[in-house]
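Note that our numbering has the sequence shown beginning at 15, numbered continuously upward.
By construction, the Cβ of each residue, glycine as well, lies at the ideal position given by its N, Cα and C atoms.
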Amino acid sequence: MSTSSYVSESWATLWEALADAQPDQIAVVLGDQEIRWQELDDRAARLATVFASSGVGSGSRVAQLLYNDAAYLESVYALFKLRATPVNVNYRYLVNEVAYILNNSEAEVLVYHASLADRVEGLQALGELALAGAEELRDRRRHEQQARG
Numbered sequence: 015m016s017t018s019s020y021v022s023e024s025w026a027t028l029w030e031a032l033a034d035a036q037p038d039q040i041a042v043v044l045g046d047q048e049i050r051w052q053e054l055d056d057r058a059a060r061l062a063t064v065f066a067s068s069g070v071g072s073g074s075r076v077a078q079l080l081y082n083d084a085a086y087l088e089s090v091y092a093l094f095k096l097r098a099t100p101v102n103v104n105y106r107y108l109v110n111e112v113a114y115i116l117n118n119s120e121a122e123v124l125v126y127h128a129s130l131a132d133r134v135e136g137l138q139a140l141g142e143l144a145l146a147g148a149e150e151l152r153d154r155r156r157h158e159q160q161a162r163g
């Protein structure tokens, strides 16, 4: 990939190229956890399938109330694969701050860590948010994998 082609590439395309070129190289280090490019790409692809089955696609906005961990990286990468827009919501925000971001970002879906559930209580009134914890999305991915054989 030449330098001039970067302009037309998406983050997902660039990360996929890295995963193809160096699948066994470390992509991310989180404490003592190391995630290799192929593993990150595989996880993001599976999560992208879950997002797509929930109606997320190009131009969708997905709010993410997640910690700075592997689930966050997988989610961002999955959204980039779908050409959706991640809307990052700081996990330190209080309920009213989270509601403000969600109302003004026009997010269609909210992904949140289960331990942050208290920050999203009552937000169903927004109507357009499908609340899903990161664990629920992982469980759904596992179920889909088992169904395929």
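Looking at the DSSP output, Pro-100 sits in a beta bridge with Val-76. Note that the C-beta distance between Tyr-91 and His-127 is not below 7 Å. When the Cα atoms are used, Gly-69 and Thr-63 turn out to be separated by approximately 10 Å.
Spanning the alpha carbons of Gly-45 and Asp-55 requires a straight line of approximately 20 Å. Here DSSP, grouped into helix, strand and coil, assigns Gln-47 to strand. Secondary structure of Ala-33 (DSSP, three-state): helix. DSSP, reduced to helix, strand and coil, places Ala-121 outside both helices and strands of the structure shown, so it counts as coil. Per DSSP, reduced to three states, the secondary structure at Val-42 is strand. Contact between Arg-50 and Pro-37 is confirmed by a C-beta separation of about 7 Å, below the 8 Å threshold. Residues of the same chain with a CB within less than 6 Å of the CB of Ile-115, apart from the 5 flanking positions on each side, are Val-103 in chain order.
Excluding its 5 nearest sequence neighbours in each direction, Val-109 has C-beta neighbours in its own chain below 6 Å: Arg-133, listed in chain order.
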